[in-house]
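Its first residue numbered 169, the sequence shown is counted upward by one per residue in the numbering used here. We treat Cβ as the ideally placed atom computed from N, Cα and C, and that holds for glycine. Values in this document were obtained by computation on a predicted structure and should not be read as measured data.
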Amino acid sequence: MTPVDFRRREDALRAANRSRRGGWWFSRWTHGRRGGALPPPGVRRERGGLWRLLIIAGVLALVLRTFVVEAYRIPSRSMERTLLPGDFLLVNKLVYGAEVPIWRQRLPALRAPQRNDLVVFDWPVDPDVAFVKRLVGLPGDTVAMAAGVLLRNGAPQRETWALRGMISELQDEAPRNDWGPLVVPPHHYFVLGDNRDNSLDSRAWGFVPDSLLRGSPWIVYFSFEPDSTARAPWLTRIRWPRLGAVVR
């Protein structure tokens, strides 16, 4: 072996050692521009594949949240006994036709809203706030209340979900147990909270435009009993029987 061949072999061994110590990216940075070996194609595909997977997962999550299902939390007692403070809901946004952002157009609805549906909507007073109530009046319905009994088109309604007699935080609001009759205008709904004595609803701020409907509660995926005196109530006060409960 001539001295020239020996030096070439020695240089090749040093380059190989540097590549093994620093990885293919170090080898390319240090001598790849001078003719060193490029990174193995398989490694580059793995890195690119991971980024593509993350991007696809992010896009799918965004699409699901926008058009299919979204999470909400119940902060108040207005829907007791059906929904409790500390309930976390998954809301079906397809049922009434999810809204397409920017264009403000809706996808085709699976069905029209029906009387006694639970609905999630943007509060007409402040559309940045989401409410959940029970739909009791469709467009054209005449609604009223006498001695706490809901009258729809003149007929008393038997509402097994309605809760009455709870201590109210809204004593000074609009009349709660005797009002009407009111005719629901086109493209609007009349909604009430199931906790009739402790709910801020259409009795106080009027009808809900159909353009503000967001969906219908589907399932309780988590629930805990709020308690300001308990440490980490979301861990220590979980309502286990409510987890996975279908909302009706």
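Apart from the five residues on each side of it in sequence, which residues of its chain come closer than 8 Å, Cβ to Cβ, to residue i?
i	result
G374	P292
Below 7 Å CB to CB, which residues in the same chain sit around residue i once its five sequence neighbours on both sides are set aside?
i	result
P324	V317
R279	V263
R405	F392, E393, D395 and A398
N321	D309 and T310
S367	S246, L360 and G361
Closest to residue i by CA distance: which of the options is it?
i	options	result
S379	P281, D369, S246 and G254	P281
P385	G333, S370, L303 and W219	L303
L411	F256, L360, R249 and G226	F256
R272	S370, L381 and R326	L381
Y389	R371, W408 and L403	W408
R344	V352, D369, R283 and H355	D369
Which two residues bound the contiguous alpha helix (DSSP H) that contains residue i?
i	result
L403	P401 to T404
A280	No alpha helix (DSSP H) contains A280, which DSSP labels as neither H nor E.
R371	S370 to W373
Taking the alpha-carbon positions, what's the residue i to residue j distance?
i	j	result
R399	E238	28 Å
K301	L252	13 Å
F289	G383	7 Å
D365	G217	56 Å
P243	P307	29 Å
D362	W219	47 Å
I387	P401	21 Å
V259	L286	10 Å
L331	L221	48 Å
A314	W347	7 Å
R249	V415	11 Å
F358	V227	36 Å
S195	A225	In this prediction, S195 has a pLDDT of 44, which is less than 50 and means its spatial position is unreliable; nothing more can be read from the coordinates.
F299	R326	24 Å
W329	A413	16 Å
A372	E267	27 Å
L403	I270	39 Å
D296	G333	31 Å
H355	G254	32 Å
Provide the residue span of the beta strand (DSSP E) that contains residue i, from first to last.
i	result
N260	D255 to N260
W347	W347 to V351
P385	L381 to S391
V317	V317 to R320
P360	The question names Pro, but residue 360 in the sequence shown is Leu. From DSSP, the beta strand (DSSP E) with L360 extends over H356 to L360.
A398	A398 -> no beta strand (DSSP E), and no H or E assigned at all.
Taking DSSP's pairing of strands, which residues face residue i in a bridge?
i	result
Y240	L257
M247	None, per the DSSP bridge assignment.
D290	A298
Taking 7 Å as the CB-CB cut-off, is residue i touching chain D?
i	result
L278	Here chain D cannot be found, since the structure has a single protein chain.
Within its chain, find whatever has a CB closer than 6 Å to the CB of residue i; leave out the 5 residues flanking it on each side and keep chain order.
i	result
L319	A312
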